[in-house]
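Scroll down for the structure; my scribbles are underneath it.
Residue numbers (my numbering): 30 to 292.
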């Protein structure tokens, strides 16, 4: 169920605000029919989360369609006009580069980039935010991006982790674990994914597949004679939507020189 400013919202009323079968409609349908109480300070706060989740799904699909390659960290690559590759295989911003332009370049010149799956999920989150935040706000919040799995995350990215939730929503980050991975292929110990919709997940290096097909792919990378199957864990990570919503709605754009009054 959904509560806005403490008041329970009628499910039919709120669902009918969105286009049927759209990502927003599906998310609101899950939230309103759940036994869990989802609380929002305003309608705008809910709408922001829906919009950001929709853009996460889009960013994941767009990355899947790109030429962005799967590479282990020791073989990672990036466009050095925008990023510096560290000795660990991560990417930091080059001096003087706008963070927003650097993130967009991963999608524009995707063939110049390659890294592993958890870093790809972080890139998806950044791209979704680039697409909805004013450029000045994005560059202010994420002035020192360091792309390397879940390490060195910007505080303002606000990723929240849960070991178990009542409902799984499009735009959530999920994880498939492969306990008996072949020790010669540690990159297959699991797969970080974005839940898209209709039991489909995006995982870098695997593509867009159902949970069953991802498990089949991981099972092929186990030690010989293993009887322990890969599985989808209950854990979830997602952006801190309420925190980011407050940043978005409270942002005051910088005045350009031509906007400054002369008297």
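We treat Cβ as the ideally placed atom computed from N, Cα and C, and that holds for glycine. Values in this document were obtained by computation on a predicted structure and should not be read as measured data.
Span separating the alpha-carbon of residue i from that of residue j
i: residue 169; j: residue 84; result: 20 angstroms
i: residue 62; j: residue 224; result: 19 angstroms
i: residue 44; j: residue 194; result: 22 angstroms
i: residue 196; j: residue 59; result: 7 angstroms
i: residue 32; j: residue 50; result: 22 angstroms
i: residue 71; j: residue 237; result: 34 angstroms
i: residue 95; j: residue 36; result: 44 angstroms
i: residue 20; j: residue 133; result: Given a span of 30 to 292 for the chain in the structure shown, any question on residue 20 remains unanswerable.
i: residue 87; j: residue 216; result: 25 angstroms
i: residue 131; j: residue 147; result: 18 angstroms
i: residue 42; j: residue 156; result: 32 angstroms
i: residue 268; j: residue 158; result: 10 angstroms
i: residue 285; j: residue 110; result: Here residue 285 scores only 49 on pLDDT, less than 50, and its place in the model should not be relied on; the value that follows carries that caveat. Their backbone Cα atoms lie some 27 angstroms apart in a straight line.
i: residue 93; j: residue 247; result: 18 angstroms
i: residue 69; j: residue 266; result: 19 angstroms
Cut-off 6 angstroms between Cβ atoms - residues of its own chain near residue i, not counting five sequence neighbours on either side
i: residue 107; result: 114, 120 and 142
i: residue 185; result: 170
i: residue 90; result: none
i: residue 244; result: 259
i: residue 166; result: 280
i: residue 261; result: 205 and 240
Beta-carbon spacing of residue i, residue j below 7 angstroms
i: residue 205; j: residue 219; result: yes
i: residue 20; j: residue 102; result: The shown model of the chain, from 30 to 292, leaves out residue 20, and the question about it has no answer.
i: residue 97; j: residue 139; result: yes
i: residue 48; j: residue 198; result: no
i: residue 226; j: residue 239; result: no
i: residue 250; j: residue 209; result: no
i: residue 137; j: residue 152; result: no
i: residue 274; j: residue 192; result: no
Other residues of its chain near residue i: CB distance less than 7 angstroms, five sequence neighbours each side excluded
i: residue 292; result: At residue 292 the pLDDT is 42, less than 50, meaning the model places this residue with poor confidence and gives no usable figure here.
i: residue 271; result: 74
i: residue 39; result: none
i: residue 53; result: 47, 79 and 83
i: residue 65; result: 195 and 196
For residue j and residue i, believed in contact at Cβ under 8 angstroms, the rounded distance
i: residue 203; j: residue 189; result: That belief does not hold up - the Cβ atoms of residue 203 and residue 189 are roughly 14 angstroms apart, past 8 angstroms.
i: residue 174; j: residue 122; result: 6 angstroms
i: residue 256; j: residue 177; result: Not really, about 34 angstroms apart at Cβ, beyond 8 angstroms.
i: residue 161; j: residue 81; result: 6 angstroms
Chain-order list of residues whose beta-carbon lies under 8 angstroms from that of residue i (same chain, five-residue window excluded)
i: residue 127; result: 164 and 168
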